[in-house]
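Below: the structure, in structure tokens.
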Amino acid sequence: MGMSSAYKLLTHFVCLILLQAAAAACMAATTERPDAEMRALLHQTISKANSFKDRFDAEVWLVDMDRRLSRYVKDPQERMKILHLVHTESHRFELKPEMVLAVMHVESLFDRYAVSRVGAQGLMQVMPFWKDEIGTNDDNLTDIATNIRYGCAILKTYLKREQGNMMRALARYNGSVGKTWYPERVFNAWERHWFVKY
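Numbering of the sequence shown is given in this note's numbering, commencing with residue 1 and proceeding in unit increments.
Set out below in structure tokens:
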């Protein structure tokens with residue numbers, strides 16, 4: 001066996017070991033039971049949530065999404081607040097909560113204080129002019145609940161306008177109608193980070 005063949009075989013073997021380790025780590029992360037603090041936060045969140053079918057449905061979704069969101073939002077209470085509000089508001093406006101998370105992912109990377117160069121604010125990057133349309137001038141767009149409610153209402157409005165075409169609705173949300181780069185980014189974030197099979 002030549003040096004090149006031996007190197008390829010070794011590289012293949014190392015990659016296989018790394019893949020197995022990654023799979024094991026992923027499996028451990030999804031099967032790890034919540035600790036006492038996490039359990040208390042879950043119970044608190046579930047008791048306030050009315051958008052879930054039942055307690056089991058709430059716990060499965062919240063534990064799964066909390067694990068995914070922990071990479072971006074370090075504070076467990078803030079994560080639970082975001083997840084509870086995303087689930088509640090997305091169901092109110094008949095949107096997929098995971099798609100709303102994907103919009104946040106692309107828009108602000110879950111930074112509630114994010115402000116764009118054109119003045120869009122918060123998790124879902126809402127433009128201040130929307131306060132005149134669906135709220136009041138006193139509304140704080142960096143407030144988690146306000147921002148998520150606005151963002152979901154705006155996205156639903158565009159979805160209706162586009163007769164259920166999410167690609168076009170997302171392009172409108174971003175102000176890039178007729179282009180696909182923004183909807184593609186959101187769908188990519190949804191598929192890679194937020195998609196659920198259950």
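Idealized CB from N, CA, C, for every residue including glycine.
- Measuring C-alpha to C-alpha distances from L159 to each of I144, V73, V177 and D143 identifies V177 as the nearest.
- For V86, the enclosing alpha helix (DSSP H) stretches over residues P76 to R92.
- With fewer than three CB-CB distances shorter than 8 Å, the segment 113-122 does not count as touching the segment 83-97.
- With respect to the 8 Å criterion, L95 and Y72 are not classified as neighbours on the basis of their beta carbons.
- Closest in alpha carbon position to V186, among L83, E107 and D64, is E107.
- It is roughly 14 Å from the alpha-carbon of D143 to the alpha-carbon of M127.
- Apart from sequence neighbours up to five positions away, the residues of its chain that approach D139 with a beta-carbon distance below 6 Å are K131 and T146, ordered along the chain.
- Each of E59, L101, L85 and V60 was checked against the Cα of R192, and the nearest Cα belongs to L101.
- Non-local beta-carbon contacts of A153 in its own chain, meaning distances under 7 Å to residues more than five positions away in sequence, involve F93 and I134 in chain order.
- Not a single unbroken stretch of the beta strand (DSSP E) spanning 3 or more residues falls wholly within the segment 97-163.
- For V186, the enclosing alpha helix (DSSP H) begins and ends at W181 to A189.
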